[in-house]
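Engineer: A single structure is presented below for examination.
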Amino acid sequence: MNSGSGLKELDVVIIFKNQGSSEELRYCLRSIDKNFPHRNIIISGDLPDWCTNVIHLPLKSNQKPKSSWEDQAYKIKNACLDSRVSEDFTFWNDDFFCLQPTQELPNWYLDTLLEDVIRRSAIHKMNNKFIVGMRNTHKLLKDKGVDVPLSYELHLPMIMRKYRWIDVFDMMKGKLANNNSPVFHRSIYGNMFYDYNVQREDVKYIKMDDGYPKDTDYLSTLDTRFERSGVGQYIRDKFSDKSRYEL
16 MNSGSGLKEL DVVIIFKNQG SSEELRYCLR SIDKNFPHRN IIISGDLPDW
66 CTNVIHLPLK SNQKPKSSWE DQAYKIKNAC LDSRVSEDFT FWNDDFFCLQ
116 PTQELPNWYL DTLLEDVIRR SAIHKMNNKF IVGMRNTHKL LKDKGVDVPL
166 SYELHLPMIM RKYRWIDVFD MMKGKLANNN SPVFHRSIYG NMFYDYNVQR
216 EDVKYIKMDD GYPKDTDYLS TLDTRFERSG VGQYIRDKFS DKSRYEL
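The sequence shown begins at 16 in our numbering and counts up one residue at a time.
Here it is in structure tokens:
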């Protein structure tokens, strides 16, 4: 785990794809600016026209992803190969919101991968792409000698090291082109490279009601919930002031 003073030396890498709205990214950046120690912000992928004071890494012209998973992987790889990015960095999605001042970032995991599959299977069909992906990831990790693979499929930032993530990218080669049968880089990275882990629940809130936690350290939600439900309004109210990362 890294202390707040250590986090100040690390860049934040956010992968982003412009799919009509960039408001979640705006409030993600506001939450980081207010609550999360960091050095620079790296936006890998698309860049909204309101965004400023960041390092932008667009997809390279020869990178033509065949799936959303491959698209994400290329964007993280580009950050890992860029000399301007700190050797260790914190990885974010644009729908992560840091709600409280942060001093450390543990290596969080949810449960074992098998328990996570069982839990999700009670809600979704077995051919659901996330369940298939978790089973694929479990097999890959077992083949790599991990006895009890853990699930790091949380909507929370992770600390990663550049050359280690490139190793993960190499492990995933040939397994990302199919949108319905992926493997998951977060769980591969955590199982292969984390020595100390802290179990916790996920912070994704997808209901339309107002039952979201008001005292949590992080929150995440769906695009539609962010736009039209109480959890989105709560986040917007909490970060009503502009950050240094927007015009």
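Just so it is clear, CB atoms sit at the ideal spot from N, CA and C, and this is done for glycine as well.
Considering Asp-158, what are the terminal residues of the alpha helix (DSSP H) in which it resides?
Structural biologist: 144-158
Engineer: Starting from Phe-241, trace the alpha helix (DSSP H) both ways and give me its first and last residue.
Structural biologist: 238-243
Engineer: Taking the alpha-carbon of Leu-165 as reference, which of Asn-108, Leu-62, Ile-57 and Leu-128 has the nearest alpha-carbon?
Structural biologist: Leu-128
Engineer: Tell me which same chain residues have a C-beta within less than 7 Å of the C-beta of Pro-80, skipping the five on either side of it?
Structural biologist: Asp-86 and Tyr-89
Engineer: Which residues in the same chain as Ile-2 place their Cβ atom closer than 7 Å to its Cβ, once the five residues preceding and following it in sequence are excluded?
Structural biologist: Given a span of 16 to 262 for the chain in the structure shown, any question on residue 2 remains unanswerable.
Engineer: Just to confirm before moving on: does the CB-CB distance between Asp-47 and Ile-57 stay below 9 Å?
Structural biologist: The residue you asked about is not Asp; residue 47 is Ile in the sequence shown. The answer is no: Cβ separation not under 9 Å.
Engineer: Excluding five sequence neighbours on each side, which residues of the same chain lie with their C-beta closer than 7 Å to the C-beta of Glu-24?
Structural biologist: Arg-54 and Ser-101
Engineer: For Gln-87, name the three-state secondary structure that DSSP assigns.
Structural biologist: helix
Engineer: Using 8 Å as the threshold, is the stretch 192-212 in touch with the stretch 229-242, meaning 3 or more CB pairs across them?
Structural biologist: no
Engineer: Keeping to the same chain, check which residues put their C-beta closer than 7 Å to that of Val-163; ignore five residues upstream and five downstream.
Structural biologist: Non-local C-beta neighbours of Val-163 in its own chain, meaning closer than 7 Å and more than five positions away in sequence, comprise Thr-127, ordered along the chain.
Engineer: Could you say which of Trp-180, Ala-192, Tyr-227 and Arg-99 lies nearest to Lys-144 if we only look at CA atoms?
Structural biologist: Ala-192
Engineer: Under the DSSP definition of a beta bridge, which residues are partnered with Ile-30?
Structural biologist: Ser-59 and Asn-108
Engineer: Alpha carbon to alpha carbon, how far is Tyr-233 from Arg-150?
Structural biologist: 27 Å
Engineer: Which residues mark the beginning and the end of the alpha helix (DSSP H) in which Leu-44 is found?
Structural biologist: Leu-44 -> alpha helix (DSSP H) spans 38-50.
Engineer: Hey, how far is the Cα of Ile-221 from the Cα of Pro-228?
Structural biologist: 12 Å
Engineer: Exposed or buried, Glu-216, counting other C-beta atoms within 10 Å across all chains shown (16 or more means buried)?
Structural biologist: exposed
Engineer: In three-state terms, what does DSSP make of His-71?
Structural biologist: Taken through DSSP and simplified to helix, strand or coil, His-71 comes out as strand.
Engineer: Whose C-beta lies closer than 7 Å to the C-beta of Asn-206 among residues of the same chain, with five residues either side of it excluded?
Structural biologist: For Asn-206, where only same-chain residues beyond five positions count, the Cβ hits under 7 Å are Leu-156, Val-161, Pro-164 and Leu-165.
Engineer: Name the one or two DSSP bridge partners that Met-175 has.
Structural biologist: Phe-104
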